[in-house]
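Visitor: If you want the working numbering, it's the 1-based position in the sequence shown plus 14.
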Amino acid sequence: MACKNESCFDVCLKLVVNTNSRRAETSVECDEACGGIEFEFENGVIQITLPLVACVETTLKDDLSANAELTSLSLPGYQ
Numbered sequence: 015m016a017c018k019n020e021s022c023f024d025v026c027l028k029l030v031v032n033t034n035s036r037r038a039e040t041s042v043e044c045d046e047a048c049g050g051i052e053f054e055f056e057n058g059v060i061q062i063t064l065p066l067v068a069c070v071e072t073t074l075k076d077d078l079s080a081n082a083e084l085t086s087l088s089l090p091g092y093q
């Protein structure tokens, strides 16, 4: 019989889009609570910060192989 466990944790997703150089960068900080949804635009650079909740289901199978699946990614309060 397989063992399953689902856990959820806070994630802070930060996106930076430079419209001048046409480049984008993302970063994710786990277990970091963002202050809220933030949008900033200055000199062609857009910064977006999103607080998210990620839920992952982990399964340990009878042959001791493991599997992990992202079951949801949502804004806090909208799960």
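Even for Gly, the Cβ is constructed at its ideal location relative to N, Cα and C.
How big is the Cα-Cα spacing for Val67 and Ser35?
Guide: CA-to-CA, the gap between Val67 and Ser35 works out to about 31 Å.
Visitor: Tell me which residue opens and which closes the beta strand (DSSP E) that Asn19 is part of.
Guide: Element bounds for Asn19: 17–32.
Visitor: Could you give the DSSP three-state label for Ile62: helix, strand or coil?
Guide: In the displayed model, Ile62 falls within a strand according to three-state DSSP.
Visitor: Alpha carbon to alpha carbon, how far is Ser88 from Ser79?
Guide: 28 Å
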